[in-house]
Every structure is written in C-alpha cells, then in structure tokens.
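J.: First the structure, then my questions, so here it is.
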Amino acid sequence: MNTALIEIEGLVKYYAVPRQGLWESQQYVKAVDNVSFTIREGETFGLVGESGCGKSTTGQLLVRLLQQTGGSIRYRGRDVTGLDRREMRILRQEIQIVFQDPYASLNPKKQIGWILEEPLIIHRIGDKQERRKIVASVLEQVGLDNSFLKRYPHELSGGQRQRVGIAAALVLNPKFIVIDEAVSALDVSIQSQILNLLKELQHRHGLTYLFISHDLNVIQYMSDRIGVMYLGRLAEIIDVAQAGREPVHPYTQALFSSIPQVKATQRERILLQGDLPSPLTPPTGCTFHPRCPYAMDRCHQEMPELKPYSTGNMVSCHLYEGEEIK
905 MNTALIEIEG LVKYYAVPRQ GLWESQQYVK AVDNVSFTIR EGETFGLVGE
955 SGCGKSTTGQ LLVRLLQQTG GSIRYRGRDV TGLDRREMRI LRQEIQIVFQ
1005 DPYASLNPKK QIGWILEEPL IIHRIGDKQE RRKIVASVLE QVGLDNSFLK
1055 RYPHELSGGQ RQRVGIAAAL VLNPKFIVID EAVSALDVSI QSQILNLLKE
1105 LQHRHGLTYL FISHDLNVIQ YMSDRIGVMY LGRLAEIIDV AQAGREPVHP
1155 YTQALFSSIP QVKATQRERI LLQGDLPSPL TPPTGCTFHP RCPYAMDRCH
1205 QEMPELKPYS TGNMVSCHLY EGEEIK
C-alpha cells in the first residue's frame, strides 16, 4: 500500500465574487487553498471538516468535475490537469465519484438498466449482450437483483438509490473512487450496510477511495489515513492505521474530543471559541488563530506549512516548530 496512486500538490480553487460597484476590487472565495497530499494505492484516505471547509470541492477537483485555479493532480505519476477531451474520456474509466444525493445524480426519466448501461455505450465496451451481463453483475455486487433494471429512481428507497449510485461508479471497473458524503442522508442502519458494502467492494476489486464526510465516527471506521480541513487548507493528516496515533493540531483535537468514547478514560471535550471565519475574508497568518487557545504572535502573521512531525502525523502548526522530521 506504499505506491502513490494520486498526488496532489499545491491545489487551489478560487471563486470570483461578483463586484458590487464599478471601482470595487475583485474578491475571491478561497474554497481550496494550497492543499497537498498523497493517496496510496489500495487505501481509503478520509477527508473531514466543517461545512464549507473545501472537502467536497477537493473531491470534485480530483475527478475533474471542476477546473483548478492552480496546482497539480497526478494520477499514476501523470499530471491530469491539462488533459484534452479525448484523454479525459479515457481517464474517466479509471476515476469515478459517488455523490451525496443519488436522486439528483440519476436521470429520473430513465430506468436503472439504461442508467447503468449508458457509460458502457459511451466508452464502446462490449456488445449489447456483454453490456447487460456487466450491468447485471454490478447490480448483484451492490445487493440488488435484476428486477431493479426496469425501475425508475423515484421507485427506490434512499438506500437502494445509493446502491445504484455505487453500481454506476463501478460499471466501468475504475481504480479510484471519490465517495462524497455518500451516507450522510441515510438512516443509521442503512448507513452501516452501505459502509460495509463499500469495504467489501474495495477488498474485492482492490479499489482506492477518497472518502469525504463530516461524520468523524464514519471517517474513523472507513479510513486508513485522515486529512482534516479547515477553511480550505489541511490542518493535519493522521495515520489512523498506526496504533496510538492521536491528533495533535489544536483544531483536530477539538474535533476528535466530540466523539463519544466507550473507554473508561473519556476525552475531555474541547470547546472552540468564536465562529468559523468567512472564506471570503480569511484571517491573516494561520487561519485558525482567532479560535486557537495556543495562538502566538507568529500565528497572526505567518501561515504554517504542513510537515511531518515526530508525532508521526503531518501537521500545519507553529506550536510544534522544532519537532519536524528532517
């Protein structure tokens, strides 16, 4: 699991805000601001953070649904940010996405069989009989039988629609899937079924996931490593597969303190002061400093870099200056 499948370097996505007046200077919402990380082949990299932190935008940039403002995205060592239309079509066979709202991503006028077969037709895979076999196979893998082929999305439950969404992502036999808040709208019992299904499919097909969620319990259950985002930047990357790895960034510590513990030694809840700043006018220096209990003068002026530290985590915090792994 050491081979890098996805390498993101200095990824940036800014949105221009319409000017209110003729002489007003152009302002930008910094949705993703200089984000860098690697996703290893076969792992699940979790991305977590508060609403509006940029995690879903990052996922959409990776599957090229959005055009980046700056930075690079490398897939198997190849920069994919400048691919033409033909090259992108080839790449789509290997990179897919499962959306939060399957009903919005499924054509309401088409039957499930047509929805699943369409990508195979576009990519000219097999004849009609072969395509039907592939569709029947992926439906079976997500726990649905052939009776669903003639149904429409509105005839399915939320859990069934999400299974169809997963099948649609699987039908081209991809290597990398972005899973964007795929269980957040489902009941808890259905959530667990979908999460276990995703793990089973990953094991069966050797898939690599970018798993995006605001639910820390779900992220911990699914992920090998977790990236914590705050105001468009990565605060910390935690290798949860390594026993004893604990969050060290003040923001990450506050997030993880909210998770209920079964252990006798319950974590003390850390309550952050103040509100989340606007991404339109982020604070200078470290964007977390207005809410950080350990903020120093340097934090107000200088943005810390994400570096590997002696804790074993990648951390963006001046508090751990001098503990970097050289």
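First residue of the sequence shown? That's 905 in our numbering, and the numbers climb one at a time after it.
Quick reminder that beta carbons are idealized off the backbone N, C-alpha and C, glycines included.
None of these values were measured; they are calculated from a predicted model.
#1: Which ranges would you report for the alpha helix (DSSP H) in the segment 1021 to 1057 if only whole runs of at least 4 residues count?
#2: Please report the residue range of the alpha helix (DSSP H) in which I1123 lies.
#3: Look at the Cβ atom of H934, then the Cβ atom of P1194, and state whether they are nearer than 8 Å.
#4: Identify the continuous beta strand (DSSP E) that holds R944 and give its terminal residues.
#5: Run through DSSP, which three-state label would D1179 get?
#6: Pairing CB atoms from the segment 909 to 921 with CB atoms from the segment 937 to 948, are three or more of them under 8 Å?
#7: Label A1168 either buried or exposed according to how many other C-beta atoms from any shown protein chain fall within 10 Å of its C-beta, with 16 as the threshold for buried.
#8: Alpha carbons only, please: which of F949, L969, G1063 and R944 is nearest the one belonging to M1133?
#9: What is the DSSP secondary structure of A1168, reduced to helix, strand or coil?
#10: So if DSSP puts K1079 in a beta bridge, which residue, or which two residues, is it bridged to?
#11: Helix, strand or coil for E1234, going by three-state DSSP, please let me know.
#12: Using a threshold of 8 Å, state whether the C-beta atoms of G1131 and P1183 are closer than that.
#13: Can you give me the C-alpha to C-alpha distance between K1073 and R1173, rounded to a whole angstrom?
#14: Among the residues of its own chain, which have a CB less than 6 Å from the CB of P1154, if the five just before and after it don't count?
#15: Going by C-alpha to C-alpha distance, which of V1002, C1203, H1204 and E1225 sits closest to K1211?
#16: Which residue or residues does DSSP assign as beta-bridge partners of R982?
#17: Buried or exposed for K917, going by 16 or more other Cβ atoms inside 10 Å?
#18: Less than 8 Å between the CB atoms is what I'm expecting for V1122 and V1075, so what's the real figure, rounded?
#19: Rounding to the nearest angstrom, what Cα-Cα distance links L1175 and S1093 in this structure?
#20: Quick one: using the 10 Å Cβ neighbour count with 16 as the cut-off for buried, is M992 buried or exposed?
#21: Taking V952 and K959 to be in contact with their CB atoms under 8 Å, please state how far apart those CB atoms are, rounded to whole angstroms.
#22: Along the chain, where does the beta strand (DSSP E) containing I912 start, and where does it finish?
#23: Taking the straight line between their C-alpha atoms, what separation do you get for L1010 and R1108?
#24: Can you give the Cα-Cα distance for R1035 and K1054, rounded to whole angstroms?
#25: Locate the alpha helix (DSSP H) running through S955, then write down its first and last residues.
#26: When burial is assigned at 16 or more other CB atoms within 10 Å of the CB, is V1046 buried or exposed?
#27: When the Cα atoms are used, what is the spatial distance from A1086 to L926?
#28: I need the straight-line Cα distance from A1089 to P1023, nearest angstrom please.
#29: Is the separation between the beta-carbon of V1271 and that of Q1124 shorter than 8 Å?
#30: Would you mind sorting S1061 into buried or exposed? The rule is 16 or more other CB atoms within 10 Å of its CB.
#31: How would you label P1006, buried or exposed, when you count the other beta carbons within 10 angstroms and need 16 or more for buried?
#32: Measure from the alpha carbon of I1098 to the alpha carbon of each residue in L1048, F1160, N1077 and R944, then state which is nearest.
#33: List the endpoints of the continuous alpha helix (DSSP H) containing E1104.
T.: Taking the geometry as given:
#1: 1032 to 1045
#2: L1120 to M1126
#3: Checking the sequence, you will find Lys at residue 934 rather than His. No; because the gap between Cβ atoms is not below 8 Å, this pair is not in contact.
#4: Q931 to R944
#5: coil
#6: yes
#7: Only weak support is given to the placement of A1168: the predicted model assigns it a pLDDT of 45, under 50, and the question is left unresolved by the model.
#8: F949
#9: Since pLDDT at A1168 reaches only 45, below the 50 mark, its modelled position is unreliable, and no value is offered.
#10: Paired residues: none, contrary to the question.
#11: The requested residue 1234 is not part of the displayed model; the chain covers only 905 to 1230.
#12: no
#13: Looking at the sequence itself, residue 1073 is Ala, so the reference to Lys does not match. One C-alpha to the other measures close to 39 Å.
#14: C1196 and Y1198
#15: E1225
#16: Y979
#17: buried
#18: Wrong, their Cβ atoms sit about 25 Å apart, outside the cutoff.
#19: 30 Å
#20: exposed
#21: 7 Å
#22: A908 to V921
#23: 25 Å
#24: 15 Å
#25: First-last for S955: undefined, no H or E at that position.
#26: buried
#27: 42 Å
#28: 26 Å
#29: Missing from the structure shown is residue 1271; the chain here goes from 905 to 1230 and no further.
#30: exposed
#31: buried
#32: L1048
#33: V1092 to H1109
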